[in-house]
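Colleague: Quick mapping for you: the protein sequence lines, in order, are chains U and B.
Positions 26 to 184 (my numbering) are the ones given, in order, by the first sequence.
Positions 26 to 184 (my numbering) are the ones given, in order, by the second sequence.
Just so it is clear, CB atoms sit at the ideal spot from N, CA and C, and this is done for glycine as well.
Just so we're clear, the structure is a prediction, and the values are computed from it rather than from any experiment.
The structure that follows is given in the form of structure tokens.
Protein chains: 2
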Amino acid sequence: MSRADLSSSACTVARAVAAVGDEWTLLILREMFLGSRRFDDFLRQTGMSSHLLSQRLKKLVALGVVRRSVYSDRPLRHEYILTEMGKDLWPIIVAMKQWGDRWLLDGVPPVQIVHKSCECVTHPQMTCSECGEPMQARDARARLTRGFSAVRGGTADRA
Amino acid sequence: MSRADLSSSACTVARAVAAVGDEWTLLILREMFLGSRRFDDFLRQTGMSSHLLSQRLKKLVALGVVRRSVYSDRPLRHEYILTEMGKDLWPIIVAMKQWGDRWLLDGVPPVQIVHKSCECVTHPQMTCSECGEPMQARDARARLTRGFSAVRGGTADRA
Numbered sequence: 026m027s028r029a030d031l032s033s034s035a036c037t038v039a040r041a042v043a044a045v046g047d048e049w050t051l052l053i054l055r056e057m058f059l060g061s062r063r064f065d066d067f068l069r070q071t072g073m074s075s076h077l078l079s080q081r082l083k084k085l086v087a088l089g090v091v092r093r094s095v096y097s098d099r100p101l102r103h104e105y106i107l108t109e110m111g112k113d114l115w116p117i118i119v120a121m122k123q124w125g126d127r128w129l130l131d132g133v134p135p136v137q138i139v140h141k142s143c144e145c146v147t148h149p150q151m152t153c154s155e156c157g158e159p160m161q162a163r164d165a166r167a168r169l170t171r172g173f174s175a176v177r178g179g180t181a182d183r184a
Numbered sequence: 026m027s028r029a030d031l032s033s034s035a036c037t038v039a040r041a042v043a044a045v046g047d048e049w050t051l052l053i054l055r056e057m058f059l060g061s062r063r064f065d066d067f068l069r070q071t072g073m074s075s076h077l078l079s080q081r082l083k084k085l086v087a088l089g090v091v092r093r094s095v096y097s098d099r100p101l102r103h104e105y106i107l108t109e110m111g112k113d114l115w116p117i118i119v120a121m122k123q124w125g126d127r128w129l130l131d132g133v134p135p136v137q138i139v140h141k142s143c144e145c146v147t148h149p150q151m152t153c154s155e156c157g158e159p160m161q162a163r164d165a166r167a168r169l170t171r172g173f174s175a176v177r178g179g180t181a182d183r184a
């Protein structure tokens, strides 16, 4: 299956993976959530090549995740800014940070997240939209639509 | 920067990205959260080559995200099961699903998540661990440790 196939998959995880599920794209997004907007800052902070960076930024713009904005006319220079669609990727990056902090680190996390409204250092967690309780894998059951279940050739309810 | 450099980065997002931030690994994890455990099921449901699948599973086992378990002696056959470290990746996959459902889909999401304890179809969301309010990018400020800030060459507080 190619990336093009993934992006048209019935599965929206596969589509999201095709859109942003590669390491360089995820690092660019991390940078954007840390406030970086400029090509040279992405280069320096991610250590990727300018060719790869340019390619990934083009893709993010084409997807609608990032928009380009002129910040200098002479010479012509652009910034890269997250759109609403892009800002909505925040839970993915935060979930990766939480997991990395917990499982891949001894010591103090390099970045703390402060919740602006309560001013606390927070460890954002997934909670149920209906009852508000924190959720983990064991609390969830996947229910597949009949169509998607038929595509997969399986049953419609998974533990 | 190579993947090896990423995995030893001070940034835990970069470490998480190095561990699981590639499209095939994310698809294998999706499959595991849907209940798949066997090599042939991963093959069929992801469409990846057996070479790539074998490589990714080896890496996940080495990382401690997945463990192998014998389910048949003759012939010798293994299942692949998420460890606690692996189950803890659930928020990443769920965040990708939520984003894909919202931004890359017209119509009904192919998979619904049922919260076992309240029995509701849920749309898990990131909430503040301290005050319990839902959080989005705009609600968060990143606070960098002095050490990490020095590595990056920037200021310690980012909007």
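Please report the residue range of the beta strand (DSSP E) in which Arg99(B) lies.
Modeller: Unbroken run through Arg99(B): none, as it is neither H nor E.
Colleague: Hey, does Asp98(B) have any beta-carbon neighbour from chain U nearer than 8 Å?
Modeller: At a cut-off of 8 Å, the C-beta of Asp98(B) has no neighbouring C-beta in chain U.
Colleague: Contact between the stretch 101–116 of chain U and the stretch 124–138 of chain U is defined here as three or more beta-carbon pairs at a separation below 8 Å; is this criterion met?
Modeller: no
Colleague: How is the alpha helix (DSSP H) around Val136(B) delimited, first residue to last?
Modeller: Counting along the chain, Val136(B) falls outside any alpha helix (DSSP H), though it belongs to the beta strand (DSSP E) covering Val136 to His140.
Colleague: Rounded to whole angstroms, what is the Cα-Cα separation between Ser97(U) and Phe173(U)?
Modeller: 49 Å
Colleague: Only counting the same chain, and skipping five residues up and downstream in sequence, which positions put a Cβ closer than 7 Å to that of Asp187(B)?
Modeller: One cannot answer for residue 187(B) here, as it falls past the ends of chain B, which runs 26 to 184.
Colleague: Pick out whichever of Arg62(B), Val139(B), Leu88(B) and Ala162(B) has its Cα sitting closest to the Cα of Leu54(U).
Modeller: Ala162(B)
Colleague: Quick one: grab the DSSP three-state call for Gln161(B).
Modeller: coil
Colleague: Would His76(U) pass as an interface residue toward chain B - the criterion being a Cβ-Cβ separation below 8 Å?
Modeller: no
Colleague: Go ahead and pull the three-state DSSP assignment for Thr170(B).
Modeller: Reduced to three states, the DSSP call for Thr170(B) is coil.
Colleague: Identify whether Thr37(U) lies in helix, strand or coil by the three-state DSSP scheme.
Modeller: helix
Colleague: Would Ile118(U) and Val90(B) be called neighbours here (beta carbons separated by less than 8 Å)?
Modeller: no
Colleague: If the cut is a Cβ gap below 8 Å, which residues of chain U does Phe173(B) touch?
Modeller: Pro135 and Val136
Colleague: Identify the contact partners of Val119(U) in chain B, using a Cβ-Cβ distance below 7 Å as the criterion.
Modeller: Met151
Colleague: On a CA-only basis, which of Glu48(B), Glu155(B) and Gln123(B) is nearest Lys141(U)? Give me that one, please.
Modeller: Glu155(B)
Colleague: Below 8 Å CB to CB, which residues in the same chain sit around Thr108(B) once its five sequence neighbours on both sides are set aside?
Modeller: Gly89, Val90, Val91 and Arg92
Colleague: Mind checking which residues open and close the beta strand (DSSP E) that includes Met110(U)?
Modeller: From DSSP, Met110(U) is part of no beta strand (DSSP E) but of the alpha helix (DSSP H) over Glu109 to Lys112.
Colleague: Would you mind stating whether Leu52(U) and Val176(B) have Cβ atoms separated by less than 8 Å?
Modeller: Contact flag unset, no.
Colleague: One question on the structure: do Arg166(U) and Val146(B) come within less than 8 Å of each other, judged by their Cβ atoms?
Modeller: no
Colleague: Counting along the chain, where does the beta strand (DSSP E) carrying Met151(B) start and finish?
Modeller: Gln150 to Thr152
Colleague: Just to confirm my understanding: we take Arg62(U), look at its own chain, exclude 5 residues before and 5 after, and list those with CB closer than 7 Å. What are they?
Modeller: Glu104, Tyr105 and Ile106
Colleague: Hey, does Ala87(B) have any beta-carbon neighbour from chain U nearer than 8 Å?
Modeller: no
Colleague: Please check if any C-beta of chain B sits within less than 8 Å of the C-beta of Leu82(U).
Modeller: Nearest CB-CB separation between Leu82(U) and chain B: not below the 8 Å threshold.
Colleague: Would you mind sorting Leu101(U) into buried or exposed? The rule is 16 or more other CB atoms within 10 Å of its CB.
Modeller: Residue environment: Leu101(U) is assigned as exposed (fewer than 16 neighbouring CB atoms within 10 Å of its CB, all protein chains considered).
Colleague: Give, in chain order, every residue of the stretch 49–63 of chain U whose Cβ lies closer than 7 Å to some Cβ of chain B.
Modeller: Leu51, Leu52, Arg55, Phe58, Leu59 and Gly60
Colleague: Spatial neighbours of Ser94(U) within its chain, please: C-beta separation below 6 Å, excluding the five flanking residues on both sides.
Modeller: So the list reads Glu104 and Ile106, once near-sequence residues are dropped.
Colleague: Taking DSSP as the reference, what is the three-state secondary structure of Arg63(B)?
Modeller: strand
Colleague: What separation, rounded to the nearest whole angstrom, lies between the Cα atoms of Gly157(U) and Glu144(B)?
Modeller: 13 Å
Colleague: Determine the direct distance from the alpha carbon of Cys36(B) to that of Asp164(B), and round the result to whole angstroms.
Modeller: 21 Å
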